[in-house]
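Residue numbers (the numbering used here), protein chains in the order written: chain E, 51 to 288; chain W, 51 to 288. Positions of the beta carbon are idealized from the N, C-alpha and C atoms, including for glycine. Okay, structure first, notes after.
Protein chains: 2
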Amino acid sequence: MACLAQAPLFRGLSPRDCEDIASRAKGRRLSRGQVLFREGECAAEVSVLSAGRLKLVQVSSDGQEIIQRLVGPGELCGGVGLTPGGPYQHTAVALETSNALCWDREGFEASLDRWPILQRNALRILAERLRAAEERCRELATAKVPQRVAHVLLRLVGQAGRPEDGGVLVALSREEVAQMAGTTLFTVSRLFSQWEALGLVRPRREAVVVDDTRGLLEIAEGQSPLTAPGRPRFAAVS
Amino acid sequence: MACLAQAPLFRGLSPRDCEDIASRAKGRRLSRGQVLFREGECAAEVSVLSAGRLKLVQVSSDGQEIIQRLVGPGELCGGVGLTPGGPYQHTAVALETSNALCWDREGFEASLDRWPILQRNALRILAERLRAAEERCRELATAKVPQRVAHVLLRLVGQAGRPEDGGVLVALSREEVAQMAGTTLFTVSRLFSQWEALGLVRPRREAVVVDDTRGLLEIAEGQSPLTAPGRPRFAAVS
DNA sequence: TCTCCTGCTTGCGCTAGCGCAAAGAGCAGC
DNA sequence: GCTGCTCTTTGCGCTAGCGCAAGCAGGAGA
Chain E
51 MACLAQAPLF
61 RGLSPRDCED
71 IASRAKGRRL
81 SRGQVLFREG
91 ECAAEVSVLS
101 AGRLKLVQVS
111 SDGQEIIQRL
121 VGPGELCGGV
131 GLTPGGPYQH
141 TAVALETSNA
151 LCWDREGFEA
161 SLDRWPILQR
171 NALRILAERL
181 RAAEERCREL
191 ATAKVPQRVA
201 HVLLRLVGQA
211 GRPEDGGVLV
221 ALSREEVAQM
231 AGTTLFTVSR
241 LFSQWEALGL
251 VRPRREAVVV
261 DDTRGLLEIA
271 EGQSPLTAPG
281 RPRFAAVS
Chain W
51 MACLAQAPLF
61 RGLSPRDCED
71 IASRAKGRRL
81 SRGQVLFREG
91 ECAAEVSVLS
101 AGRLKLVQVS
111 SDGQEIIQRL
121 VGPGELCGGV
131 GLTPGGPYQH
141 TAVALETSNA
151 LCWDREGFEA
161 SLDRWPILQR
171 NALRILAERL
181 RAAEERCREL
191 ATAKVPQRVA
201 HVLLRLVGQA
211 GRPEDGGVLV
221 ALSREEVAQM
231 AGTTLFTVSR
241 LFSQWEALGL
251 VRPRREAVVV
261 DDTRGLLEIA
271 EGQSPLTAPG
281 RPRFAAVS
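Here it is, written out as structure tokens:
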């Protein structure tokens with residue numbers, strides 16, 4: 051339960067209050083592939099992940115799946131801030147064996163009222179998440195595919211990387227990376243192959259080892275010749 | 051000041067409290083093109099628009115501008131939920147003559163503490179905004195350009211449309227529409243021309259009149275042959 | 001009325017990236 | 001070991017949409 055005190059949601063709360071709140075939660079265990087909640091269902095619970103990792107996916111009307119976000123230990127997911135009775139926005143799928151603390155909506159909102167810091171923290175978390183989502187929009191709207199994939203990889207290294215002989219292993223399939231970057235598994239595969247030739251990454255089955263973060267950063271920033279082969283566009287000169 | 055009571059932020063507050071809070075605000079008048087705050091500046095204020103319309107823009111490292119959101123009367127913008135001292139996420143530019151009520155960050159946060167409903171409302175607003183941003187991500191990642199432009203137009207009809215002989219006039223330039231849909235002004239112009247031939251819209255200078263909402267909806271949903279000329283993709287059959 | 005300016009249209013060429021199909025490569029279970 | 005399954009790679013063709021440039025047009029101001 052020590053992890054709870056470090057969760058952004060509980061920052062500033064006394065350990066005693068943390069424990070009080072945690073004691074009201076129901077613990078849920080998920081093995082890889084299991085679903086914590088499903089997009090469109092009535093949002094009955096709010097959860098904080100205590101161990102493991104989830105992906106939050108959405109599926110568009112034509113059946114395309116995209117990954118909106120990964121959730122790691124200490125992070126919040128579920129029906130936060132939604133209007134009562136509203137549906138979950140995502141389907142939460144465990145990427146590995148995970149544990150979650152789950153409160154029913156009513157109980158959680160009662161806690162928000164009782165500990166104002168909690169509500170303040172929730173506001174901060176949503177604001178930060180909104181910032182991230184808008185940044186993603188900006189990137190999808192303006193950046194080329196290689197830049198986006200490189201950026202996704204860099205985020206994943208920080209968020210879900212495990213050290214692996216000299217590099218960092220990111221345990222996601224080509225398809226999942228594609229679903230985070232807004233492209234196809236084919237294109238991701240091709241990019242990985244190119245980057246392997248440059249010594250940036252080592253492709254693995256359902257994973258990739260990142261060796262040269264610096265190099266990926268250059269691609270993500272668009273400084274690499276790989277992403278800016280022609281002439282870059284200029285602003286009008288006065 | 052009657053509009054304040056209808057602003058989502060103040061929902062559930064007594065008129066008396068509304069007035070109290072409003073009296074602490076500084077009123078600002080903006081004429082078309084003026085800037086209320088600028089991306090990257092220290093976020094000193096929180097604002098509610100009382101009249102007019104703003105666009106919230108971001109510019110990416112390579113100079114591309116995108117429009118993240120429009121703000122209408124009663125809507126909130128500025129430094130909400132940010133960590134103290136953090137920067138504004140957008141530049142707010144008036145699309146027409148506008149009035150805003152502005153609180154300094156400290157005063158606003160004090161009000162949040164004093165009226166818990168206020169904080170609850172802010173949470174709802176951010177959650178809704180997050181939902182919208184994620185939907186936009188999904189669309190940018192999965193939908194084709196004509197679908198996205200049609201969808202932007204439909205949103206604009208509701209958000210910023212003025213009735214105009216039989217249709218609804220949306221007063222944004224091709225470029226601005228492009229910046230909302232993640233494409234170029236050329237492509238938007240071409241689409242408008244096509245749609246004009248179908249009787250869906252009437253292009254105007256720095257504006258467009260939408261005549262057939264239904265037709266645009268079909269394009270946005272991808273049911274129109276215009277957006278799905280080839281074979282649509284299928285899920286694998288068992 | 002003429003001029004200028006800014007925004008819009010449209011033709012043209014081009015390429016990034018998609019989508020398919022077929023072949024390879026790990027991994028599990030028998 | 002062999003078999004089958006799923007994930008991945010890669011060649012190939014194709015087209016949506018970008019980017020430019022040239023010309024058009026609607027307002028504002030002189």
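At the level of alpha carbons, what is the spacing between residue i and residue j?
i, j, result
"R119/E", "D215/W", "45 Å"
"R186/E", "E91/E", "26 Å"
"E146/W", "G265/W", "29 Å"
"G102/W", "G124/W", "10 Å"
"K194/W", "W153/E", "39 Å"
"G135/W", "V260/W", "43 Å"
"E89/W", "G128/W", "10 Å"
"R283/E", "V107/W", "Here R283/E scores only 38 on pLDDT, less than 50, and its place in the model should not be relied on; the value that follows carries that caveat. R283/E and V107/W: Cα-Cα distance of roughly 20 Å."
"A55/W", "V143/E", "41 Å"
"D262/W", "G157/W", "46 Å"
"F63/W", "L168/W", "Before going on, a small fix: residue 63/W reads as Leu here, not Phe. If you take the alpha carbons of L63/W and L168/W, they lie about 8 Å apart."
"E115/W", "Q229/W", "7 Å"
"Q273/E", "S111/W", "11 Å"
"V96/E", "E69/E", "17 Å"
"R79/W", "R212/E", "53 Å"
"F87/E", "G113/E", "18 Å"
"L176/E", "R74/E", "23 Å"
"V258/E", "L250/W", "48 Å"
"A285/W", "H201/W", "Unreliable positioning characterises A285/W in this predicted model, as indicated by a pLDDT of 35, which lies under 50. The coordinate reading is nonetheless provided below. If you take the alpha carbons of A285/W and H201/W, they lie about 25 Å apart."
"R170/W", "E268/E", "42 Å"
"G280/E", "A182/E", "Any reading at G280/E needs caution, since the residue's pLDDT is 42, under 50, leaving its predicted position unreliable; the model's value is listed next. Using only the alpha carbons, I get a separation of about 30 Å."
"A247/W", "H140/E", "39 Å"
"Q209/W", "L219/W", "11 Å"
"V238/E", "F242/W", "34 Å"
"T192/W", "I117/E", "12 Å"
"Y41/E", "V109/E", "This structure cannot settle anything about residue 41/E, because the visible part of chain E is limited to 51 through 288."
"G77/E", "N149/E", "7 Å"
"R255/W", "G217/W", "16 Å"
"A172/W", "P166/W", "10 Å"
What is the residue span of the beta strand (DSSP E) that residue i lies within?
i, result
"L120/W", "E115 to V121"
"F87/E", "V85 to F87"
"P253/W", "V251 to R254"
"E95/W", "E95 to A101"
"A221/W", "Run containing A221/W: none; DSSP gives neither H nor E here."
"L104/W", "L104 to V109"
"A57/E", "It is not in any beta strand (DSSP E) - A57/E carries neither H nor E in the DSSP assignment."
Under a Cβ-count criterion, where at least 16 other Cβ atoms within 10 Å of its own Cβ denotes burial, should residue i be classed as buried or exposed?
i, result
"K105/E", "buried"
"A133/W", "Looking at the sequence shown, residue 133/W is not Ala but Thr. Exposed."
"S81/E", "exposed"
"E189/E", "buried"
"G131/E", "buried"
"P196/E", "buried"
"R164/E", "exposed"
"G232/W", "buried"
"A160/E", "exposed"
"S226/E", "In the sequence under discussion, the amino acid at residue 226/E is Glu, which differs from the Ser named in the question. It counts as buried."
"F60/W", "buried"
Chain W partners of residue i, CB-CB under 7 Å?
i, result
"Q273/E", "Per Cβ cutoff of 7 Å: no residues; Q273/E is ~10 Å from chain W at best."
"T133/E", "R174"
"V130/E", "A177"
"Q84/E", "The contacting residues do not exist; Q84/E stays about 22 Å from chain W at best."
List, in order along the chain, the chain E residues whose C-beta lies closer than 9 Å to that of residue i?
i, result
"L145/W", "What L145/W touches in chain E: nothing, since even the nearest Cβ is about 19 Å away."
"A57/W", "What A57/W touches in chain E: nothing, since even the nearest Cβ is about 16 Å away."
"D19/W", "Only positions 51 to 288 of chain W appear in the structure, and residue 19/W is not among them; the question remains open."
"Q244/W", "Within chain E, no residue comes near Q244/W; the closest Cβ sits about 22 Å away, beyond 9 Å."
Locate the alpha helix (DSSP H) running through residue i, then write down its first and last residues.
i, result
"G45/W", "There is simply no residue 45/W to check, as chain W begins at 51 and stops at 288 in what is shown."
"A72/W", "P65 to S73"
"A247/E", "L235 to A247"
"G265/E", "T263 to E271"
Show which residues of chain E have a CB atom less than 7 Å away from the CB atom of residue i.
i, result
"S110/W", "R188 and T192"
"G232/W", "L190 and A191"
"A183/W", "L180, A183, E184 and C187"
"Q209/W", "Those do not exist, as Q209/W stays about 17 Å from chain E at its closest Cβ, beyond 7 Å."
"I116/W", "R188, A191 and T192"
In chain E, which residues lie less than 8 Å from residue i when you measure between Cβ atoms?
i, result
"P166/W", "D163, P166 and Q169"
Give me the chain W residues within the contact set of residue i, using Cβ-Cβ distance strictly less than 9 Å, ordered along the chain.
i, result
"Q197/E", "Neighbours of Q197/E on chain W: none; closest Cβ ~10 Å, over 9 Å."
Margin query: Threshold first: 4 residues or longer. Then list the alpha helix (DSSP H) segments lying entirely within the region 129 to 217 of chain E, N to C.
Written below: Contiguous alpha helix (DSSP H) elements confined to the region 129 to 217 of chain E occur at 155 to 164, 166 to 192 and 195 to 210, taking only those with 4 or more residues.
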